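Engineer: Sharing a structure below in structure tokens format, with a few things to ask.
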Amino acid sequence: MPTLLMCPPDYYGIEYEINPWMDRRRPADTRQARDQWEALYHTIIQELTASVELLTPVPGLPDLVFTANGGFVGGDTFIVSNFRYSVRAREAPYFQGWFQKRGFKVVALPSGQYFEGEGDILPLGDELFAGYRFRSDVRSHLTVGSILSRRVFSLELVDPRFYHLDTCFCPLGEGAIMYYPNAFDVYGRRVIQEHIPLRRELSSPEALRFAANAIVVGKKVILNSGCPQIKGELEGMGYTVYEVDLSEFIKAGGSAKCLVLFVER
Ligand code: ARG
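Heads up, the sequence shown is in the numbering used here, so the first residue is 2 and it goes up one at a time.
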């Protein structure tokens, strides 16, 4: 059974601006954020065949809720993130500590190689697809691939609104993805077309509603609400789709997938 790591939004807020979604003049509603986060938590527990572990929230780390960015798990190895922005770099020791305590072998990357975990690297079958430019550094992909002995396809991201791979690319399993082609350069789009047989393209409005930022477990998908087109397509492919409104987290540039980290797949 898959295990996901989440962090309650006790100290969540828009306290700095490190992506185009964040605007300190548009603060998050604390109460609403809590309700939305709990709705996601309960949907995972009740509807997905998955369990959730919790990371203790830390005052002064408003983005710690986005656990996807803490690192990447491959078997019993945890590769801890090397955040690009100092405001988030302070989160790394908490992820490191959590995984160390549970017996994972924790590996750090060379200091110059930025890497933002599952936000920028996602498995599809035996291979890994990884995004770079706005956050992770392309060199980190090679390092991660050699640590885990897995082939990594590097994809350049070109639209700052889709600054992490998981904002525009979502593995659905069995050689299938949903993605937003305009978030990638021509070469990246070609790599995707050549290596992934089944591709569902997201429309701009739904990509901007974070449709790609979905949690997929087997044939079940948790999607941000308000994406009827892709919801219908996924249902047509045999997926069961659960919608959760995560508007308070979109204010920080994140949605469902950003709020979880796969500890076990
Ligand atoms: N405010 C956070 C940041 O800019 C949002 C992270 C969203 N996470 C993700 N996996 N896309 O770093």
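For every residue, glycine included, the Cβ atom is placed at its ideal position computed from N, Cα and C.
Since this is a predicted model, take the numbers as computed values, not measurements.
#1: For a test of the three-state rule: what should DSSP assign to Gly126, helix, strand or coil?
#2: Output the distance between the C-alpha atoms of Cys169 and Ala208, rounded to the nearest integer angstrom.
#3: Locate the alpha helix (DSSP H) running through Thr241, then write down its first and last residues.
#4: Return the residue from the list Glu236, Val264, Ala212 and Glu16 that minimises the CA-CA distance to Val245.
#5: Would you list the residues sitting across from Ala257 in a DSSP beta bridge?
#6: Give the single residue among Glu117, Glu236 and Leu129 whose Cα lies nearest to the Cα of Ala93.
#7: Three or more C-beta pairs under 8 Å: does that hold for the region 58-73 against the region 246-265?
#8: Does any heavy atom of ligand 1 sit closer than 6 Å to the C-beta of Cys169?
#9: Report the rounded CA-to-CA distance for Tyr1 versus Glu157, giving the unit in angstroms.
#10: Tell me the DSSP bridge mates of Thr68?
#11: Since Tyr180 is in the beta strand (DSSP E), which residue starts that stretch and which ends it?
#12: Of all the options Trp22, Pro63 and Ser155, which has the alpha carbon lying nearest to the alpha carbon of Ser87?
#13: Quick one: grab the DSSP three-state call for Ala131.
#14: Let me make sure I understand the geometry here. Which of Val264, Glu265 and Leu260 has the alpha-carbon closest to that of Trp38?
#15: For Ile197 and Thr44, which I take to be in contact (beta-carbon distance under 8 Å), what is that distance rounded to the nearest angstrom?
#16: Would you list, in sequence order, the uninterrupted alpha helix (DSSP H) runs of no fewer than 4 residues that lie entirely inside the region 65-118?
#17: In the DSSP output, which residue or residues are listed as bridge partners for Ser155?
#18: Could you tell me the distance, in whole angstroms, from the CA atom of Ile178 to the CA atom of Gly189?
#19: Whose CA, out of Leu5, Met2, Pro3 and Pro10, lies closest to the CA of Glu249?
#20: Please look up how many angstroms separate the CB atoms of Leu110 and Leu166, rounded, as I've assumed it's under 8 Å.
#21: Can you find a heavy atom of ligand 1 that lies under 6 Å from the Cβ of Cys8?
#22: Would you mind sorting Pro172 into buried or exposed? The rule is 16 or more other CB atoms within 10 Å of its CB.
#23: Check whether chain D comes within 7 Å of Leu260, counting only Cβ atoms and requiring the distance to be less than that.
#24: Quick check: does the Cβ of Gly254 come within less than 6 Å of any heavy atom belonging to ligand 1?
#25: Please find out if some non-hydrogen atom of ligand 2 comes closer than 6 Å to the beta-carbon of Asn20.
Structural biologist: According to the structure shown:
#1: The answer is coil: DSSP assigns Gly126 none of H, G, I, E or B.
#2: Going by C-alpha positions, Cys169 is about 7 Å away from Ala208.
#3: According to the DSSP assignment, Thr241 belongs to no alpha helix (DSSP H) but to the beta strand (DSSP E) extending over Thr241 to Val245.
#4: For the residues Glu236, Val264, Ala212 and Glu16, the minimum Cα distance to Val245 belongs to Ala212.
#5: In DSSP, Ala257 forms no bridge with anything.
#6: Of the candidates Glu117, Glu236 and Leu129, the one whose C-alpha sits nearest the C-alpha of Ala93 is Glu117.
#7: Contact between the region 58-73 and the region 246-265 is present, because at least three Cβ pairs lie under 8 Å.
#8: No, ligand 1 has no heavy atom inside 6 Å of this Cβ.
#9: What the structure shows of the chain is the stretch from 2 to 266, and residue 1 is not part of that stretch, so it cannot be assessed.
#10: For Thr68, DSSP records no beta bridge to any residue.
#11: Per DSSP, Tyr180 belongs to the beta strand (DSSP E) from Ala177 to Tyr180.
#12: It is Pro63.
#13: Strand, per DSSP.
#14: Here the closest residue by C-alpha is Leu260.
#15: Not confirmed; about 27 Å, so no contact.
#16: The qualifying runs are 87-90 and 93-102.
#17: Under DSSP, Ser155 forms a beta bridge with Ala131.
#18: Taking the straight line from one Cα to the other gives about 14 Å.
#19: The shortest Cα separation from Glu249 among Leu5, Met2, Pro3 and Pro10 belongs to Pro10.
#20: Going by Cβ atoms, the distance from Leu110 to Leu166 rounds to 17 Å, so no, they are not a contact pair.
#21: Incorrect: Cys8 has no Cβ contact closer than 6 Å to ligand 1.
#22: That one is buried.
#23: Protein chain content of the structure displayed is limited to a single chain, and chain D is not contained in it.
#24: Yes, the Cβ of Gly254 comes within 6 Å of a heavy atom of ligand 1.
#25: By its list of ligands, the structure shown excludes ligand 2, since it contains just ligand 1.
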